[in-house]
Structure formats: C-alpha cells, structure tokens
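Colleague: Just dropping this structure here.
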C-alpha cells in the first residue's frame, strides 16, 4: 500500500514535530509512508471564508499531488473533513453553475482515500494499541470537524486508553467548540477568545497536565490562550503521544 | 429579467452595528454570560434527553426534512390549495408581498372592526414585520400576551431568543419592570410584588386576564397551516395563546408562506419533533387548531394574511432555500457556543442564533453591515446542524452566504434575477486569499516563504500589528520552528521527496 502523508500547510510550517511523530508512528506500525513535496494547502481557509473559487485550484492541485497513492493520511480533522466532505460539494456546486463534471471528476479519486490519522490507525490498520508509552495525565478535546464532519467517535479515546502509563481524564463539555473556527478567530476575536478561555478553564478543572487533540489549528488557539493566561497545561497533538515510546519518549 | 444589483434589500436595511461590535457588550458582561450559559446548558441537556427517548428520531428528522422540501418544491400549488380550503371554511385569505403590505392589510382589518386595541399570541412573523409599531402609528394598541413577550414589551426591550424572548432578564429585573410599567398598560402590579416565579406569574395573569376578556380582536401567527383542510395550528405552553384565539370576535393570523404542510397527517411528525426540540417536552401543553369559523364557537371572522417578505427570493436559492424548512424550535440557539457568548441582541433581528445568521441575510439581503456580518458569526462547529429537527445544514448555508458577501454573484431580489456586487470592506482579505492561493499552487514560493519565516524567527514580534492584533491581543503566537517539516524530510528521507507527485 502506497501511503502519503498529507501533513497540511499549518503543520508543515508551524508544527513539524507533529509531522515527524506521524512518520515515526506509521513507520513503527510497518507503513511505508511518503511525503509528496508538491503538497501545500487543501484550501479549507479559502473555502470556509467564502472564496470557493480560490479554493478550486488548490483542490485540483491536491488531487494532482495525491491522486496516485492508495491512502492519504492527515493528522488534521478539519483538513481531512475538507477533502472528504467539502471536495464533493465543490464538484456539485461547479456542476450546478453549469461548469460541467470536470471538477467533480478530478476530485473524486482522492475523497474516499483520505483518512484522518486516528481513523487510519483504527479502521485501516486495525490497531488501537500502537505500543506507545506516555506517563502523563491527559484530557482529550474532540475537535468539531473531526467529531461532527468525519465522525471520529471514540477512536481517539480508544487509542489513548491503550497508551501505557497514560491517565485519561474526561474533559467537561468536551464537545463544545474551542472558538478557533479559522478566520472566525480574527473576525470575531472577542467571542473566539471568550470561548477559548472557557475551554481552557474546563481543561484546567480536570487537573490534567496535557490537553490532547487531533488538530493543531485548534491547539494553536487553545495553547495560545493557555500560555497567555499563564496556565501550566500544555497542548499536545495526539500523534506525538502515540509516537512516544519507552525508548524514545516525547518531551 | 437580469440586472446588476446595487444593494436595495427587500426591507430597509436595519441600522445595526456589525455582529462582532454588537456582541461586545454581552461578551464583556459576566452576569449576562452566566445567565445565558446556565439557561442554554439546562435546556440543551433536557433536549438531548427528550430526543434520546425516541428510537426513531433519525427517521422523524428525515421525514420532517422531506415533508418540508416537498412542500417548498410545490409551494405554489399548496398555497392555492390552502387558500381554497380556508375560504371554504369561512375565512378570508390576503396575500402580502412584504412587511409594509402585511402591516397595511392588518391595520385596515382592525380599523374595519372599529376597535383600537388587539391582543396578540406570540408570533415571530408579526415581529419580523414590526406589526406592533405599524399598528401604533395607526392609533391601534397591540398587547403581547405571552409572558416573556409581555416582559419584553413592558420593558421597551427587544426579544433575544425565539422561544424564550426574555432569556436575558432575571427575576429581579422582571419584578422591577412589572412594578414600573404595568400600570401604564392596564392593571398595575400587586402591592409588594416579590420576585418569586409564582407571584410574577400571578401578576401577569391578573394583568392579562383583563385584556383577554375585553379584546374584540386577536392577532396570531401559526406554527403550521394544513393545505388540505385549511387548518391553522398554534403550539404553546401557557394557554394565553388559546385565550387570544378563542375569545375575540375577529381573529387575524399573519403567517409566513413556508409554514404550509400538505396534509393533516404531516402534523404527526412535527408535533413530535417541535416540542422535544424546543422545550424538551414530549408534548407541549396547548396545541390549538382552528379551521375557518364555526357558528357560536370562537371568532366570527377569520382573516389569514400570507406573508412573503423575502421568502420567495430565498426559495430561489439552491443552497439557501433549506433555511425555509425551519420550524422555529430554537434548538440551534441553545446549542450554539457563539449565541451563548454573544446573546440574541447581537444578531440584529427577531431571528437570532445560527438560524438567524442564515435567515436574516436571505430575507433582508446582505447589503447592511449587520446582514453582511451574520454569515461569519459562527465557527462552523456544526452543533446546530446536529440538533436541527429538519436537518438544515446551517454551516453549509453560512459558507454559501459568506461567498455571496465576498464574491457577490447571482441572487433573486423581489422576484428579479440580479447579480450582487461583493460587499465592501473585504478588499484586503480578498487580496490575501489570492496571494495565498498563488503561493499554495507554487510550492517553490511556499517553501521560500517557510524558510524565510524559520530563518528570521528570532526577529518575530510577540504581538502582531494591524489586523493580527485580533489574534495576539488574547493569545500567544506559536513559535516558528527552526526548519519546516519539508526541509527535515528532505534532509533525512531524501530522494523520493523532491519530485512530489506520487504518480
């Protein structure tokens, strides 16, 4: 199976540790993972801000870069949802605008092959115990697009529960949005910040040291709120926890 | 007919600040935040429980979606059928293209009776058209009889929730409003009125009873209209609605055209999904149904005013038309994290929350500051779609309307096909989006930018200038790493990396 890592532009630029952890984890599980360097951005920010027509070339580019692989794995719930849920919609809209089937046909092949990381581990590789050790108290925030668009369900929690020495504590109001919302964080900064502060408060109430999620965009917002408020909690991407082992612990 | 549209919406644009500014007061008010948090979380949990009781909820939701879609698809046919049924049952049907026409019709009908006051059943449609103000201008006084609407009216306030219009008021405030204002409208509040719910309810009951018994004209909306029988349905909790519907001699109902359902049997679905979604009740306490007029029982004269006011234009939009499926349950408000912080007034409309954010910019157009900002009043978290009993994909419509705001494009306004111009104030954003699109389709440029960011990372400021302050005012920026992932990959995994496309 030829597996491509779709890291996402945010992770590539700002969170290379998540990328390295994903490669390490997949390699350890026997997956031969490739990073096609032509990859850039799925177009989610464009699409969700109202620039669907600007997102179309990015989607076509995505399809060009990843079309030849058997599976496309991404450590981002929202970018995964962009491909799986919104690429088909982009094709439909182009058709409705009288532009024919070209876009839908170009994008169709990548849609069913794109997996969010925890989905790929549980559904495709069939593992929940990935052989990780992470001796910390952790709470898990299910990010909205992973939860509601992709339907990740309890997959992330099942993976975390199988990690040795990890104490998983429930996050109160876990399914409430953290307030990031892409450009929402800038356009409605006050409401976004209020939601972020509430999320951090409930995370802190768990007594966990680490807030884990499967999307670094949300973690950037939550983590930025934490460090500004002087919180001792750390935001950590689930890939970094699952990649951590006895021999090579995550710091 | 097609023409370039310069921005005149169906109704005059409301002079209301954009959503982010309008939300400021509520976000900064800890008492209001706590009131809203408590109220929305309580009803949210109750709704989830009430819905979980039904094993066929998903089926009911799908049935509701289909009934509404089918009806909207054949709206012309069902509205004509409704008109025939209502007329045959002794009622009179009037057609109103917009708020002004509807108000004119209602005012004229009230004047024909010779009365100068009316009692009202809680109704979103009459609030949407500003009926009370229009009647006031004609010398007719309208009394709201729903408890929460009464509080809003006496307090010269605006409703902030579809189902709980006074959700922003606490008991102490309500007592103060009753004490200060009831006397000017009718029977004053009892001496020494306290803020206990029982005493407040009794004060309202005494105040309203006088009006019910005196009123000769009642005005209502309706939750549903049945095309095959001409029956109107009002669903409520207090019984005040039933008083207004049965005691007066003349009843005038103002109803949006999307409220029609084809058959009596269709009510089976909505009378299960509406109460559970709105008040978390298995069945609401009062369901009133009436079909035209009946000799010796109830109003002798019945008028139905069918209101368009932007609905036909909304129906013309392939993506946006699903908003017309709404049955006004307000489950989306109660579950919305943005509504919870911003409060209902920030939405600048009688329709607040997620449904308001997709309804107002369609019914009123996107020309005003508030209407152009509403599609952005969401993180697209999807909680609203999840709870919607008629499966309105609110995030999909929000994104669609964002596109209309920033890119313009085809739309229908007052029945005419128009091409909307992009809204003002998005030029810098548009340029940034284009630049990003260019960089992302030229990986060399993206890579150069990433490297530049990494090499200059020690020079990056902790706080951003200009629009970036919106981020760094409350949140730290992530540190830019020493090298982007792609450089690490190339350095360590080498050969396959550079050509990219895995073909």
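Residue numbers (UniProt numbering), protein chains in the order written: chain Y, 1 to 251; chain Z, 1 to 503. Each residue gets a CB set at the ideal place from its N, CA and C atoms; glycine is no exception. Note that the structure is predicted; figures quoted are calculated from it, not measured.
Could you check how far apart the C-beta atoms of residue 191/Y and residue 23/Z are, in whole angstroms? I think they sit under 8 Å.
Modeller: Here the question's residue 191/Y lines up with position 191 in the first chain. Here the question's residue 23/Z lines up with position 23 in the second chain. Confirmed, Cβ separation roughly 6 Å.
Colleague: Less than 8 Å between the CB atoms is what I'm expecting for residue 50/Y and residue 403/Z, so what's the real figure, rounded?
Modeller: One-based indexing of the first chain puts residue 50/Y at position 50. One-based indexing of the second chain puts residue 403/Z at position 403. Right, the Cβ-Cβ distance comes to about 4 Å (below 8 Å), so this counts as a contact.
Colleague: Helix, strand or coil: how does DSSP classify residue 106/Y here?
Modeller: If you number the first chain from 1, residue 106/Y lands on position 106. Note: residue 106/Y maps to helix in three-state DSSP.
Colleague: Tell me the start and end of each unbroken alpha helix (DSSP H) in the segment 105-132 of chain Z that is at least 4 residues and wholly inside, in chain order.
Modeller: As far as the segment 105-132 of chain Z is concerned, its whole alpha helix (DSSP H) runs of at least 4 residues are 124-128.
Colleague: Among all the DSSP beta bridges, which residues are the ones paired with residue 288/Z?
Modeller: Taking the second chain and counting its residues from 1, one reaches residue 288/Z at position 288. 234/Z, per the DSSP bridge assignment.
Colleague: Counting along the chain, where does the alpha helix (DSSP H) carrying residue 198/Y start and finish?
Modeller: Position 198 of the first chain, counting from 1, holds the residue named residue 198/Y. Unbroken alpha helix (DSSP H) run through residue 198/Y: 189-204.
Colleague: Using C-beta distances below 6 Å, list every residue in its chain close to residue 166/Z, excluding the 5 sequence neighbours before and after it, in chain order.
Modeller: Along the second chain, read from residue 1 onward, the residue named residue 166/Z stands at position 166. Closer than 6 Å at Cβ, skipping near neighbours: 148, 151 and 152.
Colleague: Do residue 355/Z and residue 326/Z have their C-beta atoms closer together than 7 Å?
Modeller: Locating residue 355/Z in the second chain gives position 355, where the first residue counts as 1. Locating residue 326/Z in the second chain gives position 326, where the first residue counts as 1. Against a cut-off of 7 Å, the Cβ pair of residue 326/Z and residue 355/Z comes out as a contact.
Colleague: Give the residues of chain Y in contact with residue 386/Z, contact being defined as C-beta atoms less than 9 Å apart.
Modeller: Within the second chain, residue 386/Z is the residue found at index 386, counting from 1. Within chain Y, the residues near residue 386/Z are 148.
Colleague: State buried or exposed for residue 233/Y, treating a residue as buried only when at least 16 other CB atoms are found within 10 Å of its CB.
Modeller: To locate residue 233/Y, count along the first chain from 1; it is residue 233. Buried, since its Cβ has 16 or more Cβ neighbours within 10 Å.
Colleague: Looking at chain Z, which residues of the segment 214-240 of chain Y have a Cβ within less than 8 Å of any of its Cβ atoms?
Modeller: Listed by position, the residues of the segment 214-240 of chain Y near chain Z (Cβ gap below 8 Å) are 220, 221, 223, 224, 225, 227 and 228.
Colleague: Answer with yes or no whether the minimum CB distance from residue 433/Z to chain Y is below 7 Å.
Modeller: On the second chain, position 433 is the one that residue 433/Z refers to. Closer than 7 Å: yes.
Colleague: For my contact list, residue 475/Z and residue 221/Y are in at a C-beta cut-off of 8 Å; report their separation, rounded to the angstrom.
Modeller: The residue given as residue 475/Z occupies position 475 in the second chain. The residue given as residue 221/Y occupies position 221 in the first chain. Going by Cβ atoms, the distance from residue 475/Z to residue 221/Y rounds to 6 Å, so yes, they are a contact pair.
Colleague: From the DSSP output, which residues share a beta bridge with residue 141/Z?
Modeller: Position 141 of the second chain holds residue 141/Z. DSSP output for residue 141/Z lists 117/Z as bridge partner(s).
Colleague: According to DSSP, what are the bridge partners of residue 384/Z?
Modeller: Reading the second chain from its first residue, position 384 is the one you call residue 384/Z. In DSSP, residue 384/Z forms no bridge with anything.
Colleague: Counting only the same chain and skipping the five closest in sequence on each side, list residues whose C-beta sits under 6 Å from that of residue 498/Z.
Modeller: Residue 498/Z sits at position 498 when you count from the first residue of the second chain. Any reading at residue 498/Z must be qualified, since the residue scores a pLDDT of 43, below 50, and its modelled position is unreliable; the value itself is stated next. Correct list: empty, nothing qualifies.
Colleague: If I follow the unbroken beta strand (DSSP E) through residue 253/Z, where does it start and stop?
Modeller: Locating residue 253/Z in the second chain gives position 253, counting from the first residue. Taken as a continuous stretch (DSSP letters only), the beta strand (DSSP E) holding residue 253/Z covers 250-256.
Colleague: Would you mind listing the beta strand (DSSP E) stretches within the UniProt domain "Cysteine-rich" (3-83) of chain Y that are 3+ residues and don't spill past its ends, in chain order?
Modeller: You should have 3-5 and 71-74.
Colleague: Is it buried or exposed for residue 493/Z, if we count other Cβ within 10 angstroms and need 16 for buried?
Modeller: Taking the second chain and counting its residues from 1, the one referred to as residue 493/Z is at position 493. Exposed is the call here.
Colleague: According to DSSP, is residue 231/Y part of a helix, a strand, or is it coil?
Modeller: The residue labelled residue 231/Y in the question sits at position 231 within the first chain. DSSP places residue 231/Y in coil when its eight states are reduced to three.
Colleague: Under the assumption that residue 478/Z contacts residue 14/Y (Cβ atoms under 8 Å), give the Cβ distance between them as a whole number of angstroms.
Modeller: In the second chain, residue 478/Z corresponds to position 478, counting from 1. In the first chain, residue 14/Y corresponds to position 14, counting from 1. With 8 Å as the limit, residue 478/Z and residue 14/Y qualify as a contact, their Cβ atoms being about 5 Å apart.
Colleague: So the alpha helix (DSSP H) residue 246/Z belongs to, where does it begin and stop?
Modeller: As a working note, residue 246/Z is residue 246 in the second chain. Here the alpha helix (DSSP H) through residue 246/Z covers 240-246.
Colleague: Among all the DSSP beta bridges, which residues are the ones paired with residue 220/Z?
Modeller: Counting from one through the second chain, the residue named residue 220/Z turns up at place 220. 253/Z, per the DSSP bridge assignment.
Colleague: How is residue 306/Z classed by DSSP in three states: helix, strand or coil?
Modeller: The residue labelled residue 306/Z in the question sits at position 306 within the second chain. Three-state DSSP puts residue 306/Z in a strand.
Colleague: Between the segment 278-293 of chain Z and the segment 65-77 of chain Z, are three or more C-beta pairs nearer than 8 Å?
Modeller: Result no; under three Cβ-Cβ pairs closer than 8 Å.
Colleague: Considering only residues of the same chain and omitting the five flanking positions on each side of residue 208/Y, which have a CB-CB separation below 6 Å?
Modeller: As a first step, residue 208/Y is located in the first chain; it is residue number 208 there, counting from the start. The residues are 137, 138, 139 and 169.
Colleague: Does any CB atom of chain Y fall closer than 7 Å to the CB of residue 475/Z?
Modeller: Looking up residue 475/Z in the second chain gives position 475. So, interface residue.
Colleague: Evaluate contact between the segment 201-215 of chain Z and the segment 54-63 of chain Z, counting only Cβ atoms and requiring at least three cross-stretch pairs below 8 Å.
Modeller: No: fewer than three Cβ pairs fall under 8 Å.
Colleague: Looking at the C-beta of residue 134/Y, does it have a partner C-beta in chain Z at a distance below 7 Å?
Modeller: What you label residue 134/Y is simply residue 134 of the first chain in a count that begins at 1. Taking Cβ atoms only, chain Z never reaches closer than 7 Å to residue 134/Y, which makes this a no.
Colleague: Measuring straight from C-alpha to C-alpha, what distance separates residue 115/Y and residue 308/Z?
Modeller: Start at 1 with the first residue of the first chain, and residue 115/Y comes out as number 115. Start at 1 with the first residue of the second chain, and residue 308/Z comes out as number 308. Straight-line Cα distance between these residues: approximately 45 Å.
Colleague: Do we get a CB-CB distance below 7 Å when we pair residue 97/Y with the residues of chain Z?
Modeller: The count along the first chain starts at 1 and reaches residue 97/Y at position 97. Not closer than 7 Å to any Cβ of chain Z, the Cβ of residue 97/Y fails to qualify, so no.
Colleague: Quick check: what's the CA-CA separation for residue 186/Z versus residue 51/Z?
Modeller: Working through the second chain from its first residue, we reach residue 186/Z at position 186. Working through the second chain from its first residue, we reach residue 51/Z at position 51. Roughly 41 Å between the two C-alpha positions.
Colleague: Between which two residues does the alpha helix (DSSP H) carrying residue 137/Y extend?
Modeller: Working through the first chain from its first residue, we reach residue 137/Y at position 137. No alpha helix (DSSP H) contains residue 137/Y, which is instead part of the beta strand (DSSP E) from 137-140.
Colleague: Report the rounded CA-to-CA distance for residue 540/Z versus residue 216/Y, giving the unit in angstroms.
Modeller: Nothing about residue 540/Z can be reported from this structure: the residues present for chain Z run from 1 to 503 only.
Colleague: Between the Cα of residue 386/Z and those of 176/Y, 75/Y and 6/Y, spot the shortest distance and give me the residue it belongs to.
Modeller: The count along the second chain starts at 1 and reaches residue 386/Z at position 386. With distances taken between Cα atoms, residue 386/Z lies closest to 176/Y.
Colleague: Between 473/Z, 401/Z, 394/Z and 262/Z, which has its C-alpha nearest residue 336/Z's C-alpha?
Modeller: On the second chain, position 336 is the one that residue 336/Z refers to. Here the closest residue by C-alpha is 394/Z.
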